[in-house]
Amino acid sequence: MLPELEQLIRNRLEEGAELRRELARIAVERVAEATVRLTECLRGGGKALIFGNGGSAADAQHLATELVGRFGKDRSPLAAVALTTDTSALTAIGNDYGFDEVFARQVRALAGGRDIVIAISTSGRSPNVINGAKAARAAGVSTIALTGGDGGELAPLADTSIVVPSENPARVQEAHIAIAHIMSEVAESSLFPGDRVMDVPRGVRRWDDLLILRDRWRSEGRILVWTNGCFDVLHVGHLHCLEQAKRLGDVLVVGVNSDASVQELKGPGRPIFPLEERMSMLAGLGATDYVVAFEGTTPESAIADLKPDVDVKGADYAPETGKPMPERELVESYGGRVEFVRLLPEHSTSDILQRLLQGRTHE
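Here it is as structure tokens:
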């Protein structure tokens, strides 16, 4: 090998190593903050929307793959989308609105309140990446920026910015992928602790995640408890019932009626709060393991899929009340059982809403 080539290789490797040592000195807190933001987004059932140009587009796809696939553990997939891969969307938006809008328009279409946007630009001056971050900010979505140099216009737009102190795009991109690997490793370790395989973090989840785990819970002898409701205005009566339900088994899954089914059950003006907010509130309670949405005014279809060991209802559904309980026969048909928990007096949602409308406090 030519001495000049050997020296070039040595110089580039040393430059990259020195830059990462500098990041270890100045950026640990920023990387930790970004990692916590990403982890909490995924824990809450949100998704990561990631984008950049050129090599940064490849980094966006790389990070999304680590989350959707795996980094170091066999586990359930984590929701992440690289906004650089849909050629039809990119070319249509570029043609109709200009290339500066290719990420912003996708962010406006796809980003929800629990999501996070990760914008990547080695200079911090890419107009389309900047516009994507601005769209996230306008939507109230948490934003992480990976950039270089002085951070450009991008860094101040993000909730957390990690600025690699180099003007060399190649060295900046090498640092960015190292940061992406750290974020992936920490998020995966936090959400899937220990050696558990194919586990799902607590919180708002999709049906396919829970169905993956159902057979495993059964093989481990874990008792799955199900309860459901509209949870339109969360109050201490709900908490009281959920805590009783949790004591009846090992895993508590709470089903939440869709907005359409709440309106059908409760009438115009309901729900008071939309499905996403109702689920987020329930996920924050200590008694709750998983929260999942279901369609229809009754939970038979959801119960038929999940087959919980215990279906928990309020005491107002007990047999002596004569109140119909459509799913009871279904639960008992596969060997499950129905349990009734005590309700707190004057703590039904309807009573509370009536008191609020009348301007009365608890009596």
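Residues in the sequence shown are numbered consecutively from 1119, following my numbering. Every residue, glycine too, gets a C-beta built ideally from N, C-alpha and C.
Sequence-distant residues of its chain with Cβ nearer than 6 Å to residue i (five each side left out)
i, result
"Ala1200", "Ile1168, Ala1178, Gln1179, Ala1182"
"Tyr1435", "Lys1441, Met1443"
"Phe1458", "Lys1431, Ala1433, Ala1436"
"Gly1212", "Val1220"
"Gly1270", "Ser1241, Gly1242, Arg1243"
"Arg1396", "Phe1349, Val1374"
Backbone CA spacing between residue i and residue j [nearest angstrom]
i, j, result
"Ile1234", "Thr1415", "32 Å"
"Ala1207", "Leu1329", "32 Å"
"Val1409", "Arg1161", "12 Å"
"Val1369", "Ala1198", "26 Å"
"Cys1359", "Gly1347", "11 Å"
"Asp1192", "Ser1379", "36 Å"
"Leu1383", "Asp1377", "10 Å"
"Gln1381", "Ile1390", "10 Å"
"Leu1272", "Val1154", "20 Å"
"Ala1166", "Asn1286", "27 Å"
"Trp1335", "Trp1344", "14 Å"
"Ile1373", "Glu1140", "The sequence as given places Gly at residue 1373; Ile does not occur at that position. So the alpha carbons of these two residues sit roughly 48 Å apart."
"Gln1362", "Glu1151", "36 Å"
"Ala1298", "Ala1145", "14 Å"
"Leu1185", "Leu1196", "5 Å"
"Asp1214", "Gly1170", "20 Å"
"Gly1545", "Gly1172", "Outside the displayed span of the chain (1119 to 1481) sits residue 1545, for which this structure offers no information."
"His1356", "Asp1407", "15 Å"
"Pro1319", "Gly1187", "16 Å"
"Glu1438", "Val1428", "20 Å"
Element boundaries [beta strand (DSSP E), containing residue i]
i, result
"Leu1342", "1342 to 1347"
"Glu1457", "1455 to 1459"
"Leu1370", "1369 to 1375"
"Val1199", "1198 to 1200"
"Ala1166", "1166 to 1169"
"Gly1266", "1260 to 1266"
"Lys1431", "1428 to 1432"
Residue range of the alpha helix (DSSP H) that includes residue i
i, result
"Gly1339", "Looking at the DSSP string, Gly1339 is not in any alpha helix (DSSP H), and its letter there is neither H nor E."
"Leu1357", "1354 to 1364"
"Gly1134", "1121 to 1144"
"Asp1482", "The shown model of the chain, from 1119 to 1481, leaves out residue 1482, and the question about it has no answer."
"Ser1451", "1446 to 1451"
Contacting residues, own chain, Cβ-Cβ under 8 Å from residue i (five flanking each side not counted)
i, result
"Ala1276", "Ala1237, Ala1251, Thr1261, Ile1262, Ala1263"
"Ser1284", "Leu1137, Gly1266, Gly1267, Val1290, Ala1293"
"Glu1418", "Pro1444, Glu1445, Leu1448"
"Pro1121", "none"
Heavy atom of the ligand ZN within 7 Å of residue i beta-carbon
i, result
"Asp1423", "This structure lacks the ligand ZN; in fact it carries no ligand of any kind."
Cβ-based neighbour list, residue i, same chain, cut-off 7 Å, excluding 5 preceding and 5 following
i, result
"Phe1217", "Asn1246"
*Do the segment 1321 to 1328 and the segment 1288 to 1308 make contact, defined as three or more Cβ pairs closer than 8 Å?*
The answer is no - the segment 1288 to 1308 does not touch the segment 1321 to 1328, with fewer than three Cβ pairs under 8 Å.
*asked:* Just to confirm the assignment: which complete alpha helix (DSSP H) runs, minimum length 4, are found wholly within the segment 1391 to 1424?
replied: For the segment 1391 to 1424, whole alpha helix (DSSP H) runs of length 4 or above, ordered along the chain, are 1393 to 1401, 1418 to 1424.
*Using 8 Å as the Cβ pair cut-off and three pairs as the minimum, do the segment 1245 to 1258 and the segment 1217 to 1236 touch?*
The segment 1245 to 1258, when compared against the segment 1217 to 1236, does touch it at the 8 Å Cβ threshold.
*Give, in chain order, every unbroken run of the alpha helix (DSSP H) that is at least 4 residues long and sits entirely within the segment 1273 to 1329.*
Those alpha helix (DSSP H) runs which fall completely within the segment 1273 to 1329 and span 4+ residues are 1287 to 1309.
*Which runs of the beta strand (DSSP E) spanning at least 3 residues fall entirely within the segment 1207 to 1253, listed in chain order?*
Whole beta strand (DSSP E) segments, 3+ residues: 1234 to 1239.
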